[in-house]
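Worksheet: one structure, shown below.
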Amino acid sequence: MSTRRLFVLLFVVALFTMAVRETLDPDMWWHLRTGEYILQEGLPRQDVFSFTVPDHRWITHEWLSQVAMWLVYRVGRLPGLMLVFAGIITVSFWLVYRRTAGRPYLAAFIVLLAAVASALTWGARPQMFNILLLAAFIYIVEGVKERALQPRVLWLLPVLTVVWVNLHSGYLLGIVLLLAYLAGEMIQSQFGSEQRGLPARSLSRPEIRLLALVTGVAFGAALLNPNGYHIWIYPFETLGSPAMQSYIQEWQPPDFHLPLFWPFAALLGLGVLGWVAVADRPAATDVLLFLGTGAAGLLSARHIPLFAVVAAPIVARTWTRLLAPTRARFLVEPVPERMPPRALGLLNWLILGLALLAAAGWSGSKIAANGEAIARRYPVAAVDYLEAEGLADARGYNSYGWGGYLIWRSIPVFVDGRADVYGDAFLFYYLETMELQETWREPLAAYDVSYMLLQQGSGLTTLLATSEEWREVYADGLAQIFVRVE
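First residue of the sequence shown: 1, per the working numbering; consecutive thereafter.
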């Protein structure tokens, strides 16, 4: 085995190992239960899990993801979900790597940085399909631009759109991506790529026309989903929700005081610094894609993975041009495949074997510790108490982040992570109690709540502990349960 091939294989092993995560996403639980419900009862059109909003419309835009997740769970349980979604993440960034200049060394560094930047959202959740399909779109379009793929391959994009729109409403990212490519390539075609100092790497005018046609067909193909034209509107309803923007952590802007966001800042900084240092002007398409997704990431942490996927090839192209004439050119020059001496080849195989053993050990430890990690994050023992005391079917007020887990345990919920189902009006009503507003008792009385399951030490639990209306019946290091005093 050559050293170059060993490096690439170690890169892939590192990606997969990084992506093996505990199943701690709060929405994973209701996604699984929804997948089971769909296979048994069909697509729900109204809420079926809460006792508060059973009449609210539910656009199950992630139905195919949920069914897939449930089927994986049926076969491999939670460890199966951990490994399958680690594989999805690995394939996503492998596609990015294949369209990143400076392979293998510079490309691997940039893609690993992008992967680390995006890791804050990794897990067993439908959003991972957005990363995968966005990477596939870039792989195809960039492949055509690099003349590695024939232009006719662009017709795969509408097909992928049909799959994407049934996996997640994030399909619109693909359409926006294609529109950005169209706008950028039209600018370059209009002003001339070579005469104005722009890179010659661009689509021809016939290819631009083909891409425009493909984009239109892809947008129309999005209608091939159970929700019809509503899926065109749904993403804008989500983006326009004040409650979701204000109270869901992922929708908040990144806080660069936290090390979690430093890789995103580094990738953003590398891109800007490269443009400042390089002699040529950046291509219009690169500018639109980089700045557009970068701005989205600065507005909401949820969008950082999208920036990472889009930005990695752009950043690498700039730094390849910068490093090529320097002593560091070995980082960006293609490394030929040469058969090493037998001893070195055997050593490379040994290194790969050790890396695989380490990856297997790491993944195994994550799987073994998953149950304990869940118990530290979710009220496992508290729900056991509810079931033992006959409260599981009663009406309870619960912490927002625990609603999904309660659905998994077949407990009717007051609220859960499906913010789009509940709507802003209800979520603000729910917060009247959680935030101890003057009217905090009203939601509890309106829905005849008989118990409250809350996180240990919250302001609300402090109030309830001194209230004559409520009595604490259970407490552990994570959760407290209060019942109404009759």
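Glycine included, each C-beta is placed from N, C-alpha and C at the ideal position.
{"Query": "Local Cβ density within 10 Å of T462, reported as buried at 16 or more and exposed below that", "Result": "exposed"}
{"Query": "DSSP three-state assignment for G197, whether helix, strand or coil", "Result": "Its pLDDT being 39, under 50, G197 is placed unreliably in this model, and the coordinates cannot settle the point."}
{"Query": "Backbone secondary structure at Y474 - three-state DSSP", "Result": "strand"}
{"Query": "contact_flag[the region 365-376, the region 11-29] where n(CB pairs < 8 Å) is 3 or more", "Result": "yes"}
{"Query": "Environment of I231 [buried if 16+ CB atoms lie within 10 Å]", "Result": "buried"}
{"Query": "Residue ranges of each beta strand (DSSP E) within the region 254-326, 3 or longer", "Result": "none"}
{"Query": "Every unbroken alpha helix (DSSP H) within the region 323-411, with a cutoff of 4 residues, ordered by chain", "Result": "342-368, 370-377, 380-388, 403-408"}
{"Query": "Residue closest to V53, alpha-carbon to alpha-carbon, out of Q455, I208, R4, A425", "Result": "A425"}
{"Query": "CB contact flag (D280, I314, <8 Å)", "Result": "no"}
{"Query": "Distance between L347 and P341 (C-alpha atoms, nearest Å)", "Result": "10 Å"}
{"Query": "Terminal residues of the beta strand (DSSP E) in which V489 lies", "Result": "Any answer about residue 489 is impossible in this case: the structure gives the chain only from 1 up to 486."}
{"Query": "Cβ shell of Y73 (< 7 Å), same chain only, five flanking positions each side left out", "Result": "L32, G80, L81"}
{"Query": "S450 beta carbon less than 8 Å from that of A394", "Result": "yes"}
{"Query": "Residue interval of the alpha helix (DSSP H) (run including L106)", "Result": "105-118"}
{"Query": "Presumed contact (8 Å Cβ cut-off) between I131 and S189, rounded CB distance", "Result": "30 Å between Cβ atoms; not a contact."}
{"Query": "Between the CA atoms of Q437 and L478 - distance to the nearest angstrom", "Result": "24 Å"}
{"Query": "Local Cβ density within 10 Å of Q249, reported as buried at 16 or more and exposed below that", "Result": "exposed"}
{"Query": "Best match in P26, D448, V8 for proximity to L402 [C-alpha to C-alpha]", "Result": "The displayed chain sequence assigns Trp, not Leu, to residue 402. Closest option to W402, Cα to Cα, is P26."}
{"Query": "Where the alpha helix (DSSP H) through Q127 begins and ends", "Result": "127-145"}
{"Query": "Beta-carbon contacts of A183 that lie in its chain and below 7 Å, excluding the five residues immediately before and after", "Result": "L288"}
{"Query": "DSSP state of F482 mapped onto helix, strand, coil", "Result": "strand"}
{"Query": "Span of the alpha helix (DSSP H) around M82", "Result": "63-98"}
{"Query": "Whole-angstrom distance between L273 and G197, CA atom to CA atom", "Result": "Only weak support exists for where G197 lies, its pLDDT of 39 falling under 50; the coordinates are left without a value."}
{"Query": "As assigned by DSSP and simplified to three states, the class of S189", "Result": "helix"}
{"Query": "Pairwise C-alpha distance: E472 and A381", "Result": "15 Å"}
{"Query": "For P104 and W362, the rounded distance between their alpha carbons", "Result": "25 Å"}
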